[in-house]
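To start, the structure itself, in structure tokens.
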Amino acid sequence: MLTVSRPTPSHFGIFVTDLERMVAFYTETFDLTITDRGVGRTFRNDLVFTSASPDQHHQLVLASGRPADATFSTVMQISFVVPSIQHLRDISACAAARGATEIRGLNHGNALSVYMLDPEGNTVEIYVDTPFYVAQPHGDPLDLSKDDETLMRETEAICRGDPTFMPLAQWQAQFESRSPARAAAPGA
Numbered sequence: 013m014l015t016v017s018r019p020t021p022s023h024f025g026i027f028v029t030d031l032e033r034m035v036a037f038y039t040e041t042f043d044l045t046i047t048d049r050g051v052g053r054t055f056r057n058d059l060v061f062t063s064a065s066p067d068q069h070h071q072l073v074l075a076s077g078r079p080a081d082a083t084f085s086t087v088m089q090i091s092f093v094v095p096s097i098q099h100l101r102d103i104s105a106c107a108a109a110r111g112a113t114e115i116r117g118l119n120h121g122n123a124l125s126v127y128m129l130d131p132e133g134n135t136v137e138i139y140v141d142t143p144f145y146v147a148q149p150h151g152d153p154l155d156l157s158k159d160d161e162t163l164m165r166e167t168e169a170i171c172r173g174d175p176t177f178m179p180l181a182q183w184q185a186q187f188e189s190r191s192p193a194r195a196a197a198p199g200a
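Terminal number for the sequence shown in my numbering: 200, no gaps in between.
Here you go:
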């Protein structure tokens, strides 16, 4: 069971045109496990529930029903955190082989990201966090042909050159002090 201390975003669902193609793309590219599938009771769409964690029954739900003639995705982005920079490289190659397009890297300072369009044109991001904070939006080119050490050294230099730079731990402490629950607590 997932433990949270306040409302926390945990999963999302998207309508798709070709359900089986999209199930294959997400399960094979992102190593998601199908946890359940069936027809919805409140709306009669085919649903496939997937997750990367035994703590969450579903993190991504794929639902039939997107019109075949839909030319614009209303999904701003679907983001997956990954364990390492090498995963950015490996998943990018896997996604390209499975039909992803417009694959591009971006260095946000606080994260190294790769963006792509899935086979139905939804924007997908894969990213790895860094130990740095700079105000967002922030974006510099990301060249994944460089080795990990070089990328992190360059990222730190870029971040330290930004007037909003701080170590991630400092930003996290500031975040905690801004928590709505803390502000409402007695004696706060």
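Cβ atoms here follow ideal geometry from the backbone N, Cα and C, with glycine treated the same way.
query                                                                                                        : result
Bridge-paired residues (DSSP) for Phe24                                                                      : Leu72
In DSSP terms, what Tyr139 is bridged to                                                                     : Val93 and Ser125
Residue(s) in a DSSP beta bridge with Phe61                                                                  : Asp48 and Val73
Outcome for His70 when other beta-carbon atoms lying within 10 angstroms are tallied against a minimum of 16 : buried
Selection from Thr176, Arg172 and Phe27 that minimises the alpha carbon distance to Ala82                    : Phe27
The segment 111-123 touching the segment 48-57, judged by at least three CB pairs closer than 8 angstroms    : no
Residue environment, Phe24, which counts as buried when at least 16 other CB atoms sit within 10 Å           : exposed
Contact with chain D by Pro131, beta-carbon distance below 8 angstroms                                       : In summary, chain D is missing from the structure at hand, where a single protein chain is found.
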